[in-house]
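Novice:
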Amino acid sequence: MEGRNFKYVILLIGLSSLGIIFSQINWLDNSFTLTRKNFNESVVKSLTEVKEVIKTHNRKNSIIIDENFNTDYDYVSEDLKYRFKLYSIKRFNFTPKFDQDFYNSLNEFQEAFLKRRNTVGNFKETVSIIYGQENIKGLNYYEEIDFEGLIEKVFTSNAIKLTYSFGIKNTKSDKWKCVLGKELTNMTLLEKSEYTLEVFDDTSLYVIFYDKESYLYKSLFFNVVLSTVMVLIILFSLWFSLRIILKQKKLSQIKTDFINNMTHEFKTPIASIGTAAVTIEEPEIIKNESIVRQFTKVIKEENERMNKQVEMILKLAQNDHFIAELEVEIVDILELVEKVVSQSKIRIDKNKGTIKCLVKTKNAIVNADEMYLHQAISNLVDNAIKYSPNNVDIEILIESKKEYIVIRVSDKGMGILKEDVKRVFEKFYRVSTDDLHNVKGFGLGLSYVKQIAEAHNGYVSLKSSRKGSIFSLFLPQEIK
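Per the numbering used here, the very first residue in the sequence shown carries number 1264; after that it's consecutive.
Here it is, written out as structure tokens:
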């Protein structure tokens, strides 16, 4: 994927992610607004039902209703259970006895009323007999209106489950007659409530709800969880897709680098073999047996070098893993290291470098596969030579660490950057500076060392600075 196209893909994925998040937030906000609206409508509907119930109750308990007359007597009980309202009654020339009988009957009615006995019919009959139906201008009687029970019943029927308080206020006297529900310490909250109902001409009902916002949010809990899960799934899918794209891009780059490096690695021995073959054919050289042997040795070494590289690539292609079954035997680490040092000394001498071996253990014997172990130590030494272009100074230290035999290969080369240290054991990873081919190899050597160590139940570590690197190969003395 080209760099520009890749940037467009990243941009589109980023914009898509932001769009998804914004749309979900907008949807949740609209859902919350709709939930609040539905709740308010339910409360208004409930209060309207309360008012209708009160109106119906009043009509049933009215003797004569005439809104054109003024109230002479109005009584509301302290607990708002009942109300007694007497309008003006037109009287003509009645005797004092009739007047006294009338007021006595009023007293009897009120007394019975306060005792919650239904005497409306008796009172109506008494008044009609004494004064005549045509002389009564208006008399209203409201009995047993249980506001608390009524409101609770209506709220329950409309699925309103919030804790609430309500109060009745006389709008003329500006005094609260009753406050029921959850105890209130601040009447201002109730007075400023958005939910009010005019019960009578001079009396209003106020309702306040507690934790309304929390209740509304909780009602959307499932939607929030569902939306969050969906967003996370989509974002994870986008992230996973991006990760695959990046991985494919990286693999493509690794493949390109591998082909270029492989071409470079094979080109050098092929050129050496070609040069040696041409030189041997010269008449002056072919007569000199020692020179011919020298060139045939070069051809043989370069041929072996290419064979090893081909075998490594074939193993990787077949198994994606270098290590076959181990052939475990008793191995003397000191002898093995001395063998590697001897084989590497020719290359080091050409660069006028030094290599030495130090032993700080009395027992350097392990159970291991000698062939693989030899290759691992050789790769570490080759790596030290490779990254010491100007001053090849290599030290191999053999020591014991608890149940491990440790082989430390240190150099005084250019060192490895901190960000590269974490990746040097990855397959195909190559540490370089600017040019692609400034460091030789396929990036397989250290990965091979790691696999050999792990196959022996050991491990390999690296410490590096600008003054050089130390590779430590930990091998258990016995493979479990």
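Beta carbons: idealized from backbone N, C-alpha and C, even for Gly.
From a predicted model like this one, the values you see are computed outputs, not experimental measurements.
Looking at the secondary structure, which residues open and close the alpha helix (DSSP H) in which GLY1430 lies?
Specialist: Along the sequence shown, one-based indexing puts residue 1430 at 167. Here GLY1430 belongs to no alpha helix (DSSP H); instead the beta strand (DSSP E) covers 1427 to 1433.
Novice: Relative to the ligand ZN, is the shortest distance from any of its heavy atoms to the C-beta of ILE1618 smaller than 7 Å?
Specialist: Judged by which ligands are present, the structure shown has none, so any question about the ligand ZN falls away.
Novice: Taking the straight line between their C-alpha atoms, what separation do you get for LYS1530 and LYS1571?
Specialist: Position 267 of the sequence shown holds residue 1530. Position 308 of the sequence shown holds residue 1571. Near 15 Å, if we compare the C-alpha coordinates of LYS1571 and LYS1530.
Novice: Find the nearest neighbour of GLY1708 within the set ALA1540, GLU1547, TRP1502 and PHE1734, judged by alpha-carbon distance.
Specialist: Start at 1 with the first residue of the sequence shown, and residue 1708 comes out as number 445. Measuring from the Cα of GLY1708, the nearest candidate turns out to be PHE1734.
Novice: Can you tell me whether GLU1588 is helix, strand or coil according to DSSP?
Specialist: As a first step, residue 1588 must be located in the sequence shown, where it is residue number 325. GLU1588: coil per DSSP, three-state reduction.
Novice: Using three-state DSSP, classify SER1504 as helix, strand or coil.
Specialist: Here residue 1504 is taken as the residue at index 241 of the sequence shown, counted from 1. Helix, per DSSP.
Novice: CA-CA distance, LEU1636 and SER1710?
Specialist: To locate residue 1636, count along the sequence shown from 1; it is residue 373. To locate residue 1710, count along the sequence shown from 1; it is residue 447. About 14 Å.
Novice: Which value, in whole angstroms, describes the spacing of the CA atoms of LYS1440 and PHE1463?
Specialist: The residue labelled residue 1440 in the question sits at position 177 within the sequence shown. The residue labelled residue 1463 in the question sits at position 200 within the sequence shown. Our two residues, LYS1440 and PHE1463, have alpha carbons roughly 13 Å apart in a direct line.
Novice: Restricting to Cα atoms, I'd like to know which of ILE1670, SER1515, LEU1680 and MET1677 is closest to SER1724.
Specialist: Numbered from 1 along the sequence shown, position 461 holds the residue referred to as residue 1724. Per the Cα distances, ILE1670.
Novice: Can you tell me whether ALA1539 is buried or exposed? The criterion is at least 16 other CB atoms within 10 Å of its CB, across all chains shown.
Specialist: In the sequence shown, residue 1539 corresponds to position 276, counting from 1. With 16 or more Cβ atoms within 10 Å of its Cβ, ALA1539 is classed as buried.
Novice: Leaving out the 5 sequence neighbours to the left and right, which residues in its chain are closer than 7 Å to ASP1656 when beta-carbon positions are compared?
Specialist: Indexing the sequence shown from 1 puts residue 1656 at position 393. Excluding sequence neighbours, ASP1656 sits near GLY1616, THR1617, ASP1674 and LYS1675.
Novice: Within its chain, find whatever has a CB closer than 7 Å to the CB of LYS1713; leave out the 5 residues flanking it on each side and keep chain order.
Specialist: For the purposes of this step, residue 1713 is taken as the residue at position 450 of the sequence shown. Hits under 7 Å: PHE1688 and VAL1723.
Novice: Measure the C-alpha to C-alpha separation of PHE1484 and LEU1425 and round it to an integer number of angstroms.
Specialist: Within the sequence shown, residue 1484 is the residue found at index 221, counting from 1. Within the sequence shown, residue 1425 is the residue found at index 162, counting from 1. Approximately 17 Å, taken between the alpha carbons.
Novice: Can you tell me whether ASP1656 is helix, strand or coil according to DSSP?
Specialist: Taking the first residue of the sequence shown as position 1, residue 1656 is located at position 393. Strand at ASP1656.
Novice: Since VAL1442 sits in a beta bridge, which residues does DSSP pair it with?
Specialist: Counted from its first residue, the sequence shown places residue 1442 at position 179. In DSSP, VAL1442 forms a bridge with GLY1430.
Novice: For ILE1471, which three-state DSSP category applies?
Specialist: Within the sequence shown, numbered from 1, the residue matching residue 1471 stands at position 208. DSSP places ILE1471 in strand when its eight states are reduced to three.
Novice: Take the Cβ of TYR1469 as the centre, count every other Cβ of all protein chains shown within 10 Å, and call the residue buried at 16 or more, exposed below.
Specialist: Translated into positions along the sequence shown, residue 1469 becomes position 206. TYR1469 should be labelled buried.
Novice: Can the beta-carbon of GLU1565 be found closer than 8 Å to that of ILE1536?
Specialist: To locate residue 1565, count along the sequence shown from 1; it is residue 302. To locate residue 1536, count along the sequence shown from 1; it is residue 273. Contact annotation: GLU1565 and ILE1536 have beta-carbon atoms nearer than 8 Å.
Novice: Locate the alpha helix (DSSP H) running through TYR1711, then write down its first and last residues.
Specialist: On the sequence shown, position 448 is the one that residue 1711 refers to. TYR1711 -> alpha helix (DSSP H) spans 1708 to 1718.
Novice: Roughly how far, in whole angstroms, is the beta-carbon of ASN1421 from the beta-carbon of ASP1465, given that I think they are within contact range, below 8 Å?
Specialist: By 1-based counting over the sequence shown, the position of residue 1421 is 158. By 1-based counting over the sequence shown, the position of residue 1465 is 202. No, ASN1421 and ASP1465 are not in contact; Cβ-Cβ is about 27 Å, not under 8 Å.
Novice: Hey, how far is the Cα of VAL1487 from the Cα of SER1280?
Specialist: As a working note, residue 1487 is residue 224 in the sequence shown. As a working note, residue 1280 is residue 17 in the sequence shown. About 18 Å.
Novice: How close, in whole Å, do the beta carbons of ASN1630 and VAL1600 come, if the pair is a contact with beta carbons under 8 Å?
Specialist: Within the sequence shown, numbered from 1, the residue matching residue 1630 stands at position 367. Within the sequence shown, numbered from 1, the residue matching residue 1600 stands at position 337. Incorrect: roughly 17 Å between the Cβ atoms, too far for contact.
Novice: From the DSSP output, in three-state form, read off SER1436 for me.
Specialist: Within the sequence shown, numbered from 1, the residue matching residue 1436 stands at position 173. SER1436: coil per DSSP, three-state reduction.
Novice: So, under 8 Å CB-CB, SER1663 and THR1624 are touching, yes? Tell me the CB distance rounded to an integer number of Å.
Specialist: Mapped onto the sequence shown, residue 1663 falls at position 400. Mapped onto the sequence shown, residue 1624 falls at position 361. Indeed they touch by this definition, with Cβ atoms about 4 Å apart.
Novice: Please classify PHE1418: is it buried, with 16 or more other beta-carbons within 10 angstroms of its beta-carbon, or exposed?
Specialist: Counting from one through the sequence shown, the residue named residue 1418 turns up at place 155. Its Cβ being crowded by 16 or more others within 10 Å, PHE1418 is buried.
Novice: Closest to LYS1681 by C-alpha separation, out of THR1559, PRO1546 and LYS1726, would be which residue?
Specialist: As a position in the sequence shown, residue 1681 is number 418, starting the count at 1. Here the closest residue by C-alpha is LYS1726.
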